[in-house]
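Using our numbering, you'd call the opening residue of the sequence shown number 98 and step up by one each time. All remarks here apply to the structure that follows.
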Amino acid sequence: MIRYSELAIGDYILVNGIPRKVEAITKKKIGYRTRPQEKRLYYARLRELEPIEVTRELLGRLSIPVEEPIDDAQPRFRIEVIDDGSGDDIFCIGLQNVHEDDYDVVFDVCYLHQLQRAFKILGIEKEFQV
Numbered sequence: 098m099i100r101y102s103e104l105a106i107g108d109y110i111l112v113n114g115i116p117r118k119v120e121a122i123t124k125k126k127i128g129y130r131t132r133p134q135e136k137r138l139y140y141a142r143l144r145e146l147e148p149i150e151v152t153r154e155l156l157g158r159l160s161i162p163v164e165e166p167i168d169d170a171q172p173r174f175r176i177e178v179i180d181d182g183s184g185d186d187i188f189c190i191g192l193q194n195v196h197e198d199d200y201d202v203v204f205d206v207c208y209l210h211q212l213q214r215a216f217k218i219l220g221i222e223k224e225f226q227v
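Here you go:
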């Protein structure tokens, strides 16, 4: 389940199973468009929203490398896969210290809106198209 406090304009979520970009946020609903050039906003309540799970396939479609630097201009940022033994991949994005293999900052990300937030916080500019 998604909390409104987790969402920002531009985040991607599922509305009734269909990927939608958040265009507006009110106290009880989020606004989205069904087509990019459409002027009208449609609104959905929290119970109609689901997060988009981050998978290797999704990262590939978004051209985001796994276990390699995300951007040559900022080689310290990497997405790593954590194996928790469940069979599901868990991804984390980290800001790697230049002189060590450890990470100074780590964000666990299970969902696309969390990955988008981590990129914003770290200053990684990436246009997401789902």
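Don't be surprised by glycine CBs; every beta carbon is placed ideally from N, CA and C.
For the options R144, T152, Y129, the alpha carbon positioned closest to that of R137 is the one of Y129.
A141 is a Cβ neighbour of K126, given a cutoff of 8 Å. Distance between K223 and F216, taken at the CA atoms: about 7 Å. Between Y139 and the set E150, V206, E120, L156, the nearest pair of CA atoms involves E120. Closest in alpha carbon position to I161, among V112, L212, L111, is L212. DSSP, reduced to helix, strand and coil, places L146 within a strand of the structure shown. Secondary structure of R117 (DSSP, three-state): strand. The alpha-carbon separation between L104 and G157 amounts to approximately 23 Å. By the neighbour-count criterion, in which 16 or more other beta carbons inside 10 Å mark a residue as buried, I115 falls on the exposed side. By alpha-carbon distance to E135, the top candidate from L143, R117, E150, P148 is R117.
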